[in-house]
Amino acid sequence: MFDEYRRLLRVQRDSHLFREPEVIFNRQGKYVDSGNKRLINFASNDYLGLCSDKKIKQIFSKNFQKYPTSSSSSRVVCGNYSVVLQAEKNFADFFGYEDCLFFQSGFQANLALMSTIFLKDQNVLADKHIHASSIMGLKLGGVYFKTYNHNKISHLRKRLEKINGRFCWVITESLFSMDGDLLDWDNFFKLKEEVGFLSVVDEAHSLGAMGKDGRGITTGRSDIVVGTFTKAFGFFGAFILLPSIFKEYMFNFAAPLIYSTALPPAHAACAMDILDVVKELEDRRWYLQELSLFAREHLKAAGIPFVGESYILSIKIGDEALAQDISKELFNRGYMVFYSRYPTVPLGKSILRLSLCYFHTEKDIDKFIKNLQDVLFKYGILK
Ligand SMILES: Cc1ncc(COP(=O)(O)O)c(C=O)c1O
13 MFDEYRRLLR
23 VQRDSHLFRE
33 PEVIFNRQGK
43 YVDSGNKRLI
53 NFASNDYLGL
63 CSDKKIKQIF
73 SKNFQKYPTS
83 SSSSRVVCGN
93 YSVVLQAEKN
103 FADFFGYEDC
113 LFFQSGFQAN
123 LALMSTIFLK
133 DQNVLADKHI
143 HASSIMGLKL
153 GGVYFKTYNH
163 NKISHLRKRL
173 EKINGRFCWV
183 ITESLFSMDG
193 DLLDWDNFFK
203 LKEEVGFLSV
213 VDEAHSLGAM
223 GKDGRGITTG
233 RSDIVVGTFT
243 KAFGFFGAFI
253 LLPSIFKEYM
263 FNFAAPLIYS
273 TALPPAHAAC
283 AMDILDVVKE
293 LEDRRWYLQE
303 LSLFAREHLK
313 AAGIPFVGES
323 YILSIKIGDE
333 ALAQDISKEL
343 FNRGYMVFYS
353 RYPTVPLGKS
363 ILRLSLCYFH
373 TEKDIDKFIK
383 NLQDVLFKYG
393 ILK
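The opening position of the sequence shown corresponds to residue 13 in my numbering, with each subsequent residue numbered one higher.
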């Protein structure tokens, strides 16, 4: 009965695409404990270092004492808890939008948004490297969309010329999750002004950790912005910043919102508290940028080819088996580094994805790069 599943898993393993995450039993600051090893964690998206903060945990536990621990139904079934509406208003006001809509995760937010708001006769263009959740949403909604070359605004222009002035949506990210490069926002918004398309920008990796007071890169300029609490905000859940009409529309037509139990109301209270904390962390944002610059300069000096313009840095490996071996060797040397393989990246284009956080020091990075260089020589990536 299970033979076909076993066969498919065997194919996955033989192709070096098998997913088998390490077991961890503790994660604190920049460290992660696995087996009898304490590793420096370069795989987490806790950019501002908030998710193990004692004070924040205390504030959060108070909220969970005060409110029910579950919302026990979808918002369209059991009502909109006032604290959720208040939190959504706070977020909309802070980021300069008419409205905001909370979701259980960034994945679900994109699934709901992308499957719902694009109407049948509308044109939709998307950057080739948008997140899987956006692609899944487009597929779920049966949306006919075309892609343009990653972050190539000149190619986006060509695609728009073909549309010939008809209405169009453009979907992109601000800080790309795998490549670590930043949206060419200046040219993107110049083109938007010139042509007049509507934009949806996924700011999962930049809200909270970039921009003034953590406002990200495109808020206020993009028509719709997707954010998550799961990265710089050190929490769970997600939010979409959007015009009120789309919130209303999604309450009526977005299946992932209508047919799913909402986040617990305590979450909304925590979201307001964490926003107040994040706004004030200018020093951490500044440190992260300085650290990222240090890492990039040192990678360059070590002759290690990479892409990335901020705290996400991507090192090209290629072969899946090689990426696995390199990551394992780094693990044995005391580092947790994510290696990304197909289908997250194209087949044969595996990468090591480094993410930096507030707790890393220049010394950590310096030591890590020496180890990385050594390992890359050993496996023939550096010659
Ligand atoms: C660009 C992007 N959007 C959305 C998501 C999904 O967010 P979440 O992890 O909150 O489901 C991710 C997750 O890694 C992401 O990288």
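Each residue gets a CB set at the ideal place from its N, CA and C atoms; glycine is no exception.
Scanning its chain for C-beta atoms nearer than 7 Å, with the 5 sequence neighbours on each side dropped, one finds around residue 371 the residues 41, 42, 61, in chain order.
Excluding sequence positions up to five before and after residue 45, its CB lies within less than 8 Å of the CB of 36, 37, 38, 39, 51, all in the same chain and listed in chain order. Proximity of the beta carbon of residue 185 to ligand 1 is indicated: a heavy atom of the ligand is located closer than 7 Å. Here DSSP, grouped into helix, strand and coil, assigns residue 328 to strand. Ligand 1 never approaches residue 272 closely enough for any of its heavy atoms to be under 7 Å from the residue's Cβ. Between residue 115 and residue 124, the beta carbon gap of about 7 Å places them in contact (Cβ cut-off 8 Å). At least one heavy atom of ligand 1 falls within 7 Å of the beta-carbon of residue 143. At the C-beta level, residue 331 and residue 352 stay beyond 8 Å of one another. Proximity of the beta carbon of residue 196 to ligand 1 is not indicated: no heavy atom of the ligand is located closer than 7 Å. A residue is called buried once 16 or more other Cβ atoms fall within 10 Å of its Cβ, and residue 184 is buried on that count.
Only exposed fits residue 389, as fewer than 16 other CB atoms lie within 10 angstroms of its CB. Taking a contact as a CB-CB distance under 8 Å, the pair residue 83 and residue 276 counts as one, their CB atoms being some 5 Å apart.
Three or more beta-carbon pairs drawn from the segment 94-112 and the segment 249-261 are found closer than 8 Å, and the two stretches are therefore classed as touching.
If you draw a straight line from the Cα of residue 349 to the Cα of residue 302, it is about 21 Å long. Distance from the C-beta of residue 127 to the nearest heavy atom of ligand 1 is not below 7 Å. Between residue 122 and residue 143 a beta carbon distance of about 7 Å is seen, short of the 8 Å cut, so the two are scored as contacting.
If you keep only unbroken beta strand (DSSP E) runs of at least 3 residues inside the segment 158-226, you get 158-160, 180-185, 210-214.
In this structure, residue 387 lies near residue 342, with their beta-carbon atoms less than 8 Å apart. As DSSP reads the structure, residue 50 sits in a beta bridge with 45.
When secondary structure is reduced to three states using DSSP, residue 26 falls in the helix class. Residue pairing by DSSP puts residue 240 in a beta bridge opposite 250. At a cut-off of 7 Å, the beta-carbon of residue 54 does not count as near ligand 1: no heavy atom of the ligand is closer than that. According to DSSP, residue 40 shares a beta bridge with 43. The closest CA to that of residue 270, considering only 56, 337, 91, is found on 91. For the set 176, 178, 182, the Cα lying nearest the Cα of residue 159 is the one of 182. Secondary structure of residue 20 (DSSP, three-state): helix. The DSSP assignment places 256-265, 267-270 as complete runs of the alpha helix (DSSP H) inside the segment 252-277, in order along the chain (cut-off: 4 residues).
Between the segment 201-219 and the segment 229-237 there are three or more inter-stretch CB-CB distances shorter than 8 Å, so the stretches are counted as touching. Here the distance from the Cβ of residue 239 to the nearest heavy atom of ligand 1 is not below 7 Å.
At a Cβ-Cβ threshold of 8 Å, residue 290 and residue 226 count as neighbours.
The Cβ-Cβ distance between residue 163 and residue 139 falls below 8 Å. Partner residues in the beta bridge of residue 138, as assigned by DSSP, are 159, 183. Of the other Cβ atoms in all chains shown, fewer than 16 fall within 10 Å of the Cβ of residue 294; this residue is therefore exposed. Where residue 364 is concerned, the enclosing beta strand (DSSP E) starts and stops at 362-367.
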